[in-house]
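Visitor:
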Amino acid sequence: MTEDLLQRSLLAEAEDVEAGYDLHTRVRAAVAAATTRRRRRRRAGLTAAAALVVAGAAAAVLADGGGGRGEAGDVQIQSPGAPAPQTSPGMPGRIAYVQRDGGLSILDLTTGETMVDVLDTPLELDAVDLSPDGQWVYVSTCCDADGIGATWRSPATGGSPTPVANTIGGHPRVSPDGRWLATVAGQHVVVVPADGSGGEAARIEYMADRAVSDVAWSPDGARLVFTLRGVESEPSVAVLRFDGQALVPDDAIPPQAGRFGLWGPDGTLAIIPAAPETASIASVSPAPDFTWFLAVDQDGTVSAHQGVTGDGVVLDAVEDAVAADW
Amino acid sequence: MRVFGGVTVDLDGLFRDHATPLLRLGVVLTGDRALAEELVQEAFVRFSQSRSTPAPGAERTYLRRIVVNLSHAHHRHLRVVRGRRPDAPGTAAPAEQEAIRRDGERVVAEAVRALPDRQRDCVALRYYADLGDAEIAATLGISAGSVKTHLHRARAALAQRLEVLR
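One line per chain: the protein sequences are A and B, in this order.
Numbering of the first sequence is given in the working numbering, commencing with residue 19 and proceeding in unit increments.
Numbering of the second sequence is given in the working numbering, commencing with residue 4 and proceeding in unit increments.
The structure is reproduced here in structure tokens:
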């Protein structure tokens, strides 16, 4: 098998192929139709986004824990498994979220306006995170033929994305100090420098005995919580210690049953149950002025995300409201 | 001329400059002219709807990436239809019969298309589009090291499958 034969064979495959007038006409028609659909979707999305800003009374209902779904004003149920919008202390009043049509946007919470369409790749976007200083947005794309994703970084003000070196997997999470990026891939939890520096030697991995997902940093950046999933076993939540050199199991927090773990601002760890006896509401505060509320159904499905800001603004199901295929 | 995200884009000019190379890449990747035209059409649609226009000069890389990724769906479909893994040998006639029925170049191209997605992408971009490791890496969103690995494995697999042609 010579390289010359390989090249000759592939060139011969397409040597007579030309893009003609017919294809040009079809492309123009398809682009026009897609533009019309997008305009319609954007108009509907802005209307829905504006509806996210509701009175603080709804927040009080949820915060008291006595309301649950259906009693929280404008609460909208989102599809299970949709990636949650992310916030950053360095970008107050705004959230980043993945749209289902392939884009990633930053939304101003108070006005409902899309501030910047940050990233648009032809790849399927998986999940998003922001750097703590609000300067960078990270998004994972999923997946190649081997089920391996990659993580990309783009200025939060917009611009072309660049792959973060040596990442594999998805679900990017930036450490609280902004230095490290955690992702998950198969049975691996992977940590790399968030700026992609250091080459392959800088990649730090931990291999679990089952598939992993839903990784999250503790507020001090010294621990990572993640979920272990197996075909024949209930999901469980485990914690790794991280010191900049290695990832090792945290013996002080043994694995326990649960769908995923969430850190509070004081470092306490909440385990969202895999299958609670009754539907419940859990909460977590990724930032001092922001709280996520999650509704957990009896089958273990997290079926709603509501965010409450410090001044009582309630957000819910943002990515669905904005990005649903209207 | 169309305006996307505040940037004026000459869609007709893009088509004129890039459609034929993209269509040929699609044919190499899929072996199907009609399907390749669909991939190219969808690539231009996605390009036109993108929220961040690629930097000047990067349009072809961007469009090429869309075509490559869209071609994966075609191969996934083939794997389902044929009920086999992507790295299995060709499913039509045995390679020896193929060599008799077709010329050697066609058999090589079919063998390339039977490779796993990333190996096929790297081979097509290297040996058809004549890209270097860095350009392939940028197109596929993987590292240059991964490109080398995929190419090495692809060449080894092709050499094994095409032994009959030697």
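Where is the CB? At the ideal position from N, CA and C, for every residue including glycine.
Under DSSP, the beta strand (DSSP E) around A/Asp232 begins and ends at which residues?
Guide: To locate residue 232 of chain A, count along the first sequence from 1; it is residue 214. Residues 229-235.
Visitor: For the beta strand (DSSP E) that contains B/Ser146, what are its first and last residues?
Guide: Start at 1 with the first residue of the second sequence, and residue 146 of chain B comes out as number 143. Taken as a continuous stretch (DSSP letters only), B/Ser146 belongs to no beta strand (DSSP E), as it is neither H nor E.
Visitor: Are the C-beta of B/Ser51 and some C-beta of chain A separated by less than 7 Å?
Guide: Position 48 of the second sequence, counted from the first residue, corresponds to residue 51 of chain B. So yes, B/Ser51 belongs to the interface.
Visitor: Quick one, are the C-beta atoms of B/Leu17 and B/Leu42 less than 7 Å apart?
Guide: Sequence index remark: in the second sequence, residue 17 of chain B carries index 14 (1-based). Sequence index remark: in the second sequence, residue 42 of chain B carries index 39 (1-based). No, they are not a contact pair.
Visitor: Just checking: is the beta-carbon of A/Ser27 within a distance shorter than 7 Å of some beta-carbon in chain B?
Guide: Start at 1 with the first residue of the first sequence, and residue 27 of chain A comes out as number 9. Output row for A/Ser27: interface = yes.
Visitor: Please state if the CB of B/Val111 and the CB of A/Ser27 are separated by a distance shorter than 7 Å.
Guide: As a working note, residue 27 of chain A is residue 9 in the first sequence. As a working note, residue 111 of chain B is residue 108 in the second sequence. In contact: A/Ser27 and B/Val111 (Cβ atoms closer than 7 Å).
Visitor: Is A/Ser106 helix, strand or coil when you go by DSSP?
Guide: Translated into the one-based positions of the first sequence, residue 106 of chain A becomes position 88. Coil.
Visitor: Return helix, strand or coil for B/Asp13, following the three-state DSSP convention.
Guide: Your numbering for residue 13 of chain B matches position 10 in the second sequence. Coil at B/Asp13, not helix or strand.
Visitor: Taking Cβ-Cβ distances shorter than 7 Å, what residues in chain D pair up with B/Ala76?
Guide: In summary, chain D is missing from the structure at hand, where the protein chains are A and B.
Visitor: Between B/Gln44 and A/Val45, which are expected to be in contact by the criterion C-beta below 8 Å, what is the C-beta distance as a whole number of angstroms?
Guide: Position 41 of the second sequence holds residue 44 of chain B. Position 27 of the first sequence holds residue 45 of chain A. About 5 Å separates the two Cβ atoms, so the contact holds.
Visitor: Excluding sequence positions up to five away, which residues of its chain have a Cβ less than 7 Å from the Cβ of B/Ala147?
Guide: The residue labelled residue 147 of chain B in the question sits at position 144 within the second sequence. Excluding sequence neighbours, B/Ala147 sits near Asp136, Ala137, Ala140.
Visitor: What do you reckon, are the CB atoms on B/Asp120 and B/His75 nearer than 7 Å?
Guide: Residue mapping note: residue 120 of chain B aligns to position 117 of the second sequence, counting from 1. Residue mapping note: residue 75 of chain B aligns to position 72 of the second sequence, counting from 1. Going by C-beta atoms, B/Asp120 is nearer than 7 Å to B/His75.
Visitor: Under the rule that 16 or more other beta-carbon atoms within 10 Å means buried, what is B/Ala61, buried or exposed?
Guide: Taking the first residue of the second sequence as position 1, residue 61 of chain B is located at position 58. Classification of B/Ala61: exposed, given that the 10 Å Cβ count is below 16.
Visitor: Nearest by alpha-carbon distance to A/Trp235: which of A/Val35, A/Ile124, A/Pro150 is it?
Guide: On the first sequence, residue 235 of chain A is found 217 positions in, with the first residue counted as 1. Here the closest residue by C-alpha is A/Pro150.
Visitor: How would you list, in chain order, the residues of chain A whose beta-carbon sits under 7 Å from the beta-carbon of B/Val150?
Guide: Here residue 150 of chain B is taken as the residue at index 147 of the second sequence, counted from 1. None at all; the shortest Cβ gap to chain A is about 12 Å.
Visitor: Rounded C-beta distance between A/Gly285 and A/Pro237? I'm assuming under 8 Å.
Guide: Position 267 of the first sequence holds residue 285 of chain A. Position 219 of the first sequence holds residue 237 of chain A. So it is a contact: roughly 5 Å between Cβ atoms.
Visitor: Do we get a CB-CB distance below 7 Å when we pair B/Leu128 with the residues of chain A?
Guide: The sequence position of residue 128 of chain B within the second sequence is 125, counting from 1. So, not an interface residue.
Visitor: Pick from A/Trp154, A/Arg221, A/Val146, A/Arg191: whose alpha carbon is nearest that of A/Val265?
Guide: Here residue 265 of chain A refers to the residue found at position 247 of the first sequence. The amino acid at residue 265 of chain A is misidentified as Val; the sequence shows Leu. The shortest C-alpha separation from A/Leu265 is found at A/Arg221.
Visitor: Between the alpha carbons of A/Ala174 and B/Ile145, how many angstroms are there, rounded?
Guide: Here the question's residue 174 of chain A lines up with position 156 in the first sequence. Here the question's residue 145 of chain B lines up with position 142 in the second sequence. A/Ala174 and B/Ile145: Cα-Cα distance of roughly 22 Å.
Visitor: Residues of chain B with a CB under 7 Å from the CB of A/Ala30: which are they?
Guide: Within the first sequence, residue 30 of chain A is the residue found at index 12, counting from 1. Here the neighbours are Glu108.
Visitor: Give me the chain B residues within the contact set of A/Pro181, using Cβ-Cβ distance strictly less than 7 Å, ordered along the chain.
Guide: Position 163 of the first sequence, counted from the first residue, corresponds to residue 181 of chain A. Those are Gly144, listed as they occur along chain B.
Visitor: Quick check on DSSP: helix, strand or coil for A/Gly279?
Guide: Locating residue 279 of chain A in the first sequence gives position 261, where the first residue counts as 1. Here A/Gly279 sits in strand by DSSP.
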